[in-house]
Amino acid sequence: FEWSLQRILLHDLEAHHGHAKPPRVRHGSVDSVREQAALLLSVLAHAGHRDDRASAAAFEQARHALELPQARMRGPGEVDLNTLDSALTDLEEAAPKVKRRILEAAVACITADRQVTATEAELLRAISASLGVPMPPLLTA
C-alpha cells in the first residue's frame, strides 16, 4: 500500500509542479517491453491470489490479453519493489497504445477470479498513474 501511495503522490506532485517532462517514446510495441510487462503482471498475479494455481491462472489471462505467449511469470522471490519501480520507469516510455494494452492486461489479471482485492486496486491505481492512462472502473462481483 505504501509503495502505491508513494508512486501516485510522486507522479502527481511532479506533474503539478511542472517537474515532470513528457516521457519520450522509446517503446513502440508490446514486444519491446515484454520483460517489464511480464514482471508487472507477475506482481499483480501474486498480489491478489493466495495460491500458485490461482496466480498462474491470473497471469495466463493477462498474458492472453496482451498477446504475449512467450512472457514468463516471475516467482514471488524474483520481484521486489526496486525491480517493479524500474519496470514501471521503462514502461513510462512506451507508446500510448502500448500503455493502454498493458493496463488492459493488468485489469484482466486482477479480474481473472472475478474479485478485486484492495491490494490489487491500489496497485492498479499506481500503475495507471505511472503510465498516465486513466484507470478503468472496477466492479467486484
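Residue numbers (the working numbering): 96 to 236. Beta carbons are placed, not taken as given, at the ideal position from N, Cα and C, and that holds for glycine. Just so we're clear, the structure is a prediction, and the values are computed from it rather than from any experiment.
I need the boundaries of the alpha helix (DSSP H) containing arginine 196, first residue and last residue.
Here residue 196 refers to the residue found at position 101 of the sequence shown. Counting along the chain, the alpha helix (DSSP H) containing arginine 196 begins and ends at 191-205.
Buried or exposed for leucine 226, going by 16 or more other Cβ atoms inside 10 Å?
For this step, residue 226 is matched to residue 131 along the sequence shown. Per the 10 Å Cβ criterion, buried.
Using 8 angstroms as the threshold, is the C-beta distance between methionine 168 and alanine 200 below it?
Counted from its first residue, the sequence shown places residue 168 at position 73. Counted from its first residue, the sequence shown places residue 200 at position 105. No; because the gap between Cβ atoms is not below 8 angstroms, this pair is not in contact.
Simplified DSSP assignment, three categories, for histidine 122:
Position 27 of the sequence shown, counted from the start, is the residue given in the question as residue 122. Reduced to three states, the DSSP call for histidine 122 is strand.
Express the C-alpha separation of glycine 143 and glutamine 165 in angstroms, rounding to a whole number.
In the sequence shown, the residue the question calls residue 165 occupies position 70. In the sequence shown, the residue the question calls residue 143 occupies position 48. In a straight line, the C-alpha of glutamine 165 is about 23 angstroms away from that of glycine 143.
Report the residue from Ala151, Ala213 and Ala224 whose alpha carbon sits nearest the alpha carbon of arginine 195.
Along the sequence shown, one-based indexing puts residue 195 at 100. The option with the nearest alpha carbon to arginine 195 is Ala224.
Looking only at its chain, what residues have a beta carbon closer than 6 angstroms to the beta carbon of valine 138, apart from the 5 residues adjacent to it on each side?
Start at 1 with the first residue of the sequence shown, and residue 138 comes out as number 43. Cβ within range, chain order: Val174 and Leu179.
For glycine 172, which three-state DSSP category applies?
As a working note, residue 172 is residue 77 in the sequence shown. Helix, per DSSP.
For serine 257, count the other beta carbons within 10 Å of its own beta carbon; 16 or more makes it buried, fewer makes it exposed. Which is it?
The question about residue 257 has no answer here: the residues shown for the chain are numbered 96 through 236.
Could you check where the alpha helix (DSSP H) with glutamine 131 kicks off and where it finishes?
Walking along the sequence shown from the start, residue 131 turns up at place 36. From DSSP, the alpha helix (DSSP H) with glutamine 131 extends over 129-142.
Give the C-beta separation of alanine 221 and histidine 122 to the nearest angstrom, bearing in mind that I take them to be a contact with Cβ-Cβ under 8 angstroms.
Position 126 of the sequence shown holds residue 221. Position 27 of the sequence shown holds residue 122. Going by Cβ atoms, the distance from alanine 221 to histidine 122 rounds to 20 angstroms, so no, they are not a contact pair.
Rounded to a whole number of angstroms, what is the C-alpha to C-alpha distance between glutamate 217 and leucine 233?
For this step, residue 217 is matched to residue 122 along the sequence shown. For this step, residue 233 is matched to residue 138 along the sequence shown. Computed Cα separation, rounded: 11 angstroms.
C-beta atoms of leucine 183 and valine 228 nearer than 8 angstroms
Mapped onto the sequence shown, residue 183 falls at position 88. Mapped onto the sequence shown, residue 228 falls at position 133. No, they are not a contact pair.
Helix, strand or coil for arginine 145 per DSSP?
Residue numbering aside, residue 145 sits at position 50 when the sequence shown is read from its first letter. Three-state DSSP puts arginine 145 in coil, outside helix and strand.
What's the gap between the Cα of arginine 148 and the Cα of glutamine 131?
Numbered from its first residue, the sequence shown carries residue 148 at position 53. Numbered from its first residue, the sequence shown carries residue 131 at position 36. Those two C-alpha atoms are separated by around 22 angstroms.
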